[in-house]
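For the sequence shown, full-length UniProt numbering begins at 1 and goes up steadily by one.
Virtual Cβ for every residue (Gly too), placed ideally from N, Cα, C.
For reference, the structure discussed in these notes is given below.
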Amino acid sequence: MLPFHPMALLLKHEGYPSGVIAATLVHGLLLFIIFYNPVMSNELVNLDEPVYINATTAEQNPQRLRRIQELELQRARDAEAQRQRERDVATQRAREEETRQQEAQRETDRLEQQRRERELAQRQQQEVEAEAQRQARIEQDGLERERQAQIAREQEVARQAELERQQALATQQAVADARAVDIYVAIIHNTVAGNWDIPPSARNGMTAVLAIRLVPTGEVISVNVIQSSGNAAFDRSVEQAIRRAERFPELQDMSTTLFESSFRNLTITFRPEDLLR
Numbered sequence: 001m002l003p004f005h006p007m008a009l010l011l012k013h014e015g016y017p018s019g020v021i022a023a024t025l026v027h028g029l030l031l032f033i034i035f036y037n038p039v040m041s042n043e044l045v046n047l048d049e050p051v052y053i054n055a056t057t058a059e060q061n062p063q064r065l066r067r068i069q070e071l072e073l074q075r076a077r078d079a080e081a082q083r084q085r086e087r088d089v090a091t092q093r094a095r096e097e098e099t100r101q102q103e104a105q106r107e108t109d110r111l112e113q114q115r116r117e118r119e120l121a122q123r124q125q126q127e128v129e130a131e132a133q134r135q136a137r138i139e140q141d142g143l144e145r146e147r148q149a150q151i152a153r154e155q156e157v158a159r160q161a162e163l164e165r166q167q168a169l170a171t172q173q174a175v176a177d178a179r180a181v182d183i184y185v186a187i188i189h190n191t192v193a194g195n196w197d198i199p200p201s202a203r204n205g206m207t208a209v210l211a212i213r214l215v216p217t218g219e220v221i222s223v224n225v226i227q228s229s230g231n232a233a234f235d236r237s238v239e240q241a242i243r244r245a246e247r248f249p250e251l252q253d254m255s256t257t258l259f260e261s262s263f264r265n266l267t268i269t270f271r272p273e274d275l276l277r
């Protein structure tokens, strides 16, 4: 263990210079001699006069001063950073407001353009109608009537062609929808069959008709037996198989129209044919 020296303790304190510590120690020793030596105190010291000691104050500690300056500088930097953040936020908000106003102006311009186009179309339509009336008054002979008849025939031909086209599209859509219904119903049947726990009393030929209520996500909302097989255990097992499925996620892929027309309220017939009983 190293020997203890009083000067070592003094020299450790907050980085004071060794000269300052030595001066303080000398003044302390001088006071000790004055107060504890009776002979010298009578001859040399006048206790009525104050004793002045020149010592370096804490404020003159260069390390402490440097630390204070660093803290003040950091506070100034933090304050400037905060002000910069506030300026950035204000700038961003101003940009967003400008963008919003620009978008609002574009929407206003778009609506105004639509209004002008509608007015132009109306004027053009009125002009066309006025011209037709003028021609009707001027050309009243048979040639004009034949021309009008020819226009009517052409329009009728076009109307019939459009009607046939629409009917063909409707037929194609109906066929596609029917095919899709068959596919999705088969998926539901297979899922239910996979979830079905065959009751001991189940027999080939047993038939249960169930009404299933679904939502567009394919989730099962309700299940009800609307035509019993005559066997309560069989009916209950089929209903439980549907409830166990909980959801048919494939239904999310179909169109809203097809779902509403064919799957919102779905009726399925469950009739096993391959039971080994």
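Candidates E239, P249, E129: which alpha carbon is nearest T269's?
Taking only the C-alpha atoms, the option nearest T269 is E239.
Give the DSSP-derived three-state secondary structure of A8 in the structure shown.
Because A8 sits at a pLDDT of 45, beneath the cut-off of 50, its placement in the model cannot be relied upon, and the following sentence gives the value as read from the coordinates. Residue state, collapsed to three classes: helix.
Does the stretch 172-184 come close enough to the stretch 213-230 that 3 or more CB-CB pairs lie under 8 angstroms?
The stretch 213-230 vs the stretch 172-184: no contact.
Look at the alpha carbon of T267 and the alpha carbon of F259, and state the distance between them as a whole number of angstroms.
About 13 angstroms.
Measure the Cβ-Cβ separation of N224 and A211 and say whether it is below 8 angstroms.
Cβ distance < 8 angstroms, so N224 and A211 count as in contact.
Expressed to the nearest angstrom, what Euclidean distance is found between the alpha-carbon atoms of Q133 and Q150?
When rounded, the distance between both Cα atoms is 17 angstroms.
Give me the Cα-Cα distance between I138 and R100, rounded to the nearest whole angstrom.
I138 and R100: Cα-Cα distance of roughly 57 angstroms.
In this structure, does DSSP put residue 331 in helix, strand or coil?
Residue 331 is absent from the structure shown; the chain starts at 1 and stops at 277.
Pick helix, strand or coil for Q227, following the three-state DSSP scheme.
If DSSP states are grouped into helix, strand and coil, Q227 belongs with the strands.
When we look at the beta-carbon of D253 and count the other beta-carbons within 10 Å, is it buried (16 or more) or exposed?
Its Cβ having fewer than 16 others within 10 Å, D253 is exposed.
Can you tell me the Cα-Cα spacing of V215 and E80, whole angstroms?
Taking the straight line from one Cα to the other gives about 57 angstroms.
DSSP puts N265 in a beta bridge; with which residues?
Paired residues: R213.
When DSSP labels each residue in this structure, what does A81 get in the three-state scheme?
Reduced to three states, the DSSP call for A81 is helix.
Kindly indicate the opening and closing residues of the alpha helix (DSSP H) around D253.
No alpha helix (DSSP H) holds D253; DSSP gives it neither H nor E.
Using a 10 Å radius around the Cβ and a threshold of 16 neighbouring Cβ atoms, would you call L120 buried or exposed?
With fewer than 16 other Cβ atoms within 10 Å, it is exposed.
What do you get for A208, buried or exposed, if any count of 16 or more other CB atoms within 10 angstroms of its CB means buried?
Answer is buried; the Cβ neighbour count reaches 16.
For residue 281 and M206, I'd like the C-alpha separation in whole angstroms.
Residue 281 cannot be examined here, being either before or after the span of the chain that is shown, 1 to 277.
Between the beta-carbon of N265 and the beta-carbon of R213, is there less than 8 angstroms?
In contact: N265 and R213 (Cβ atoms closer than 8 angstroms).
Here's a check: name, in chain order, each residue in its chain whose Cβ is nearer than 7 angstroms to the Cβ of I188, leaving out the five neighbours to either side.
Only F248, I268 meet the Cβ criterion.
Assign L251 to one of two classes, buried (16 or more other C-beta atoms within 10 Å of its C-beta) or exposed (fewer than that).
Counting Cβ neighbours within 10 Å, L251 comes out buried, since at least 16 surround it.
So what's E219 in DSSP terms, helix, strand or just coil?
In the structure shown, E219 sits in a strand (DSSP, three-state: E or B).
Considering only the beta carbon of each residue, do R244 and N190 sit closer than 8 angstroms?
Not a contact, by the Cβ cut-off of 8 angstroms.
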